[in-house]
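Working notes for the structure below.
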Amino acid sequence: MAVKASILVASAIATLARAAQPGAASPIAAPMRDLVWGKLNFLHTTDTHGWHGDIYKKHKADGQGVDLLLVDTGDRVEGNGLYDASNPKGKYYYDIYREQNVDIICTGNHELYHASTADGEHLRTVPNFQEQYVASNLDYIDPKTGLQIPMAQRYRKFQTKNQKLTIVAMGFLFDFTVNANNTVVQPVRETIKEAWFQDAIRENPDVFVIIGHVGVKMPEFKEIFTAIRKQNWFTPILFFGGHVHVRDATAYDLKSFAIASGRYFETIGWMSVDGDLKKTGNKKDDAPSTEIAGLSFHRRYIDNNLLGLYYHTGLNESTFHTDHGRNVSQMIAQARKDLDLDYTFGCAPKDLWMTRAPYPSEDSIYTWLEKEVLPAVAVNEDRKDKPRLVIMNTGAIRFDIFKGKFTRDTTYIISPFLSVLHYIPDVPYTVASKVIDLLNNAGKIMEEAQAMEGDNALMDARFMGIPEQFAITEDIIHERPLPSFVGQDVEGQKPLLSGDGPSKKEPVLIEGYTTRDDIGDDGDDAVHSAINFYVVPNCIQAEVGFPRSEKEDEKKPEKVDLVFFDFIQPWVMVALKISGGDYTNDDVKSYVDGTFTELMAGWIKKNWPADC
Ligand SMILES: *[C@@H]1O[C@H](CO)[C@@H](O)[C@H](O)[C@H]1NC(C)=O
Ligand SMILES: *[C@@H]1O[C@H](CO)[C@@H](O)[C@H](O)[C@H]1NC(C)=O
Ligand SMILES: *[C@@H]1O[C@H](CO)[C@@H](O)[C@H](O)[C@H]1NC(C)=O
């Protein structure tokens, strides 16, 4: 079906998103793959983390008698100055996001880390999207009444505009455990036993649409799929996932399809389903008139840049933008100005990569932090003569640093968290020095030790690392073929995926996403050459103030201050216990004032040139 012109994105957004496009500093025309339209079509964003846009549907789909729905699967906040830089946070965000066009929307874990963020979600975004917001396994505790109430409606039943297809839509969050105490996340395996869920799966819709802040290969989606399928033998079930920040797609059976659409508004996911969607039968023995395999599904990962969007819409510079889009761009520009997001701390002398350069290496952002930033900022005036080990989780960094201006906005993009440094004084070196290896290599041992302590909320050690890698290890653990962006070498320092493939000749390709998912390797809309991907550990460690000596045995201090990011404290405490250190949370103190983000910005101001 050749329908074009259905997405419109405000210009300012594409400018923002452009900076985030890996390898594509400015949009350059690339060989393109078309969108495949079906009867029911979706545009999907996830994990936008404050990168905003105005995805806007123009109803050319209407003329063709097909339907187009927009989905967002959470983590809209944290990770960009537009949300993080205001006081209170989100002062501009809620009104900007309200302009977004969306049909089904749910919550991510980042909406729930802080009680104030959860309040904002419940009091602003949920009412702004009263009909569209679904919260199937999430409750909110009303601060006035103390009552535990659903964050939003549990599910949504509606009809599509043009074909009057009946949709039952639900919205889930993965089994998240470290949410703020004014919210309650119910494990998915419990939710599927609830009466409302059992009723919802008996609503007999034409299509189930399950959205979630859940990786498409995480067990939660499988549990939901199995529960729905038991009751509905033939109904198509479409899944929209997120959280792991990768492009991915899979099918749980012939009538189901699942897509995850990347991160940071770099990617707009496209899913379409074609065939006879009107309900003909549901139970095993009323076999439908259409063949079971009579449906076809397509997915496309759209690079969010203007040239690509002009291409897919058949529009151009002068016809693409809308008044509404211009208004939203104006709101964003004004907010950026009010927040002084372009204030420059310093000029990055070169690119520093999270996973595009090996760790350790001089182009690794983690080596830069370990060798330069942490030793300089992890200083407690009263204890500055004490040698220390400073442990940081790699997941505390969210993005690469590009050569050039490092602005206020950049600080939130690189490190949106409110992480602070904690420490335990005078830990025997023999005990403290074992912690880093346990954090990086002994996830299983750590879980067992924790279980022996009677702590049921098992802490997956991978949560300390970067979410992009979670997807890989998930597949390694479950012995599945590695997804999209990865090759096979997990142990060593060879890139998991290398840009130096055999087909490097023509056409000259720009580096970017080269996704391989369960469906194939033709998902990306733009044909790119591959970007290197190197695995990084869960945590890195800087040795600071160690004795200088020629003799090996005099280089190691007897005792050290063990300094670490507050986020990883639960894991550090377990690792200390395993290493023979008898410490409790009462032994933990604050090491230095200020968040890590502020300390890093201060270091940059002092050490990088002011002008580019
Ligand atoms: C959450 O924790 C805070 C701080 O410990 C406490 O003041 C508040 O009452 C708690 N709220 C709920 C709903 O339990
Ligand atoms: C954009 O498209 C319109 C309509 O097709 C055409 O008239 C115009 O010349 C184009 N503008 C540019 C800048 O290509
Ligand atoms: C754009 O903003 C102007 C001024 O606030 C307003 O009058 C107009 O209705 C808006 N247009 C759209 C399409 O939102």
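Count the sequence shown with mature numbering (1 follows the signal peptide of the UniProt record, and there is no 0) and you get residues -19 to -1, 1 to 593, in order. Beta carbons are placed, not taken as given, at the ideal position from N, Cα and C, and that holds for glycine.
Coil, strand or helix - residue i by DSSP
i, result
"residue 371", "strand"
"residue 250", "strand"
"residue 131", "strand"
"residue 508", "coil"
"residue 596", "Examination of residue 596 is not possible in this model, given that the chain is present from -19 through 593 alone."
"residue 293", "helix"
"residue 522", "strand"
"residue 148", "strand"
"residue 408", "strand"
"residue 514", "strand"
"residue 107", "helix"
"residue 459", "Residue placement at residue 459 cannot be trusted, given a pLDDT of 40 that sits under 50; the coordinates are not used to answer."
"residue 97", "helix"
"residue 2", "Low local confidence applies: a pLDDT of 34 at residue 2 is under 50, so the model's placement there is unreliable, and no value is given."
"residue 401", "coil"
"residue 13", "strand"
"residue 493", "coil"
"residue 113", "coil"
"residue 431", "helix"
"residue 549", "helix"
"residue 282", "strand"
"residue 555", "helix"
"residue 382", "strand"
"residue 235", "coil"
"residue 540", "strand"
"residue 527", "coil"
"residue 503", "coil"
"residue 570", "strand"
"residue 595", "Lying outside -19 to 593, the shown extent of the chain, residue 595 is not represented and no answer is given."
"residue 394", "helix"
Pick from the options that is closest to residue i, judged by C-alpha positions
i, options, result
"residue 390", "371, 185 and 314", "314"
"residue 161", "119, 172, 526 and 342", "119"
"residue 227", "242, 216 and 236", "242"
"residue 499", "198, 300 and 20", "198"
"residue 55", "80, 22 and 115", "115"
"residue 132", "112, 28 and 585", "112"
"residue 524", "410, 326 and 549", "410"
"residue 550", "334, 502 and 401", "401"
"residue 96", "311, 282 and 159", "159"
"residue 280", "574, 81 and 505", "505"
"residue 330", "282, 306, 339 and 387", "387"
"residue 578", "546, 178 and 196", "546"
"residue 528", "369, 412, 233 and 382", "369"
"residue 595", "406, 237 and 223", "Not covered by the structure: residue 595. The range shown for the chain is -19 to 593."
"residue 50", "251, 294 and 397", "251"
"residue 246", "30, 492, 326 and 304", "30"
"residue 336", "373, 423, 19 and 446", "446"
"residue 283", "276, 585 and 292", "292"
"residue 375", "442, 326, 357 and 66", "442"
"residue 508", "518, 195 and 490", "490"
"residue 138", "492, 108, 232 and 178", "178"
Residues that residue i bridges to, as DSSP identifies them
i, result
"residue 49", "22"
"residue 424", "Bridge partners of residue 424: none, in fact."
"residue 594", "This structure cannot settle anything about residue 594, because the visible part of the chain is limited to -19 through 593."
"residue 136", "151"
"residue 596", "With the chain represented from -19 up to 593, any question about residue 596 goes unanswered, as that position is not in the structure."
"residue 255", "277"
"residue 121", "130 and 164"
"residue 220", "191 and 239"
"residue 498", "501"
Residue i at chain D interface by Cβ criterion, 9 Å
i, result
"residue 65", "Of the chains in the structure shown, none is chain D; there is only one protein chain."
How about the region 540 to 552 and the region 315 to 324: do they share at least three Cβ pairs that are nearer than 8 Å?
-> They do not touch, by the three-pair rule.
Just checking, does the region 77 to 90 make contact with the region 120 to 127 on the three C-beta pairs under 8 Å criterion?
-> In this structure the region 77 to 90 does not touch the region 120 to 127; the number of beta carbon pairs closer than 8 Å is below three.
Run through the region 185 to 211 for me and flag every whole beta strand (DSSP E) of 3 or more residues, listed as ranges in chain order.
-> 188 to 194
contact_flag[the region 177 to 192, the region 206 to 222] where n(CB pairs < 8 Å) is 3 or more | A contact exists between the region 177 to 192 and the region 206 to 222.
4 or more residues per run - each alpha helix (DSSP H) lying fully within the region 289 to 368 | 304 to 319, 346 to 349 and 355 to 358
Are the region 416 to 426 and the region 334 to 346 touching, with three or more C-beta to C-beta distances below 8 Å?
-> no
The region 528 to 537 contacting the region 554 to 568, beta-carbon criterion three pairs below 8 Å = Segment contact: the region 528 to 537 against the region 554 to 568, fewer than three CB-CB distances shorter than 8 Å; contact not assigned.
Looking at C-beta atoms only, is the number of pairs between the region 355 to 372 and the region 290 to 308 that lie closer than 8 Å three or more?
-> no
Whole beta strand (DSSP E) elements within the region 154 to 186, 3-residue minimum | 164 to 166
Is the region 73 to 83 touching the region 146 to 155 in the sense that three or more CB pairs, one from each, lie closer than 8 Å?
-> no
Run through the region 72 to 96 for me and flag every whole beta strand (DSSP E) of 3 or more residues, listed as ranges in chain order.
-> none
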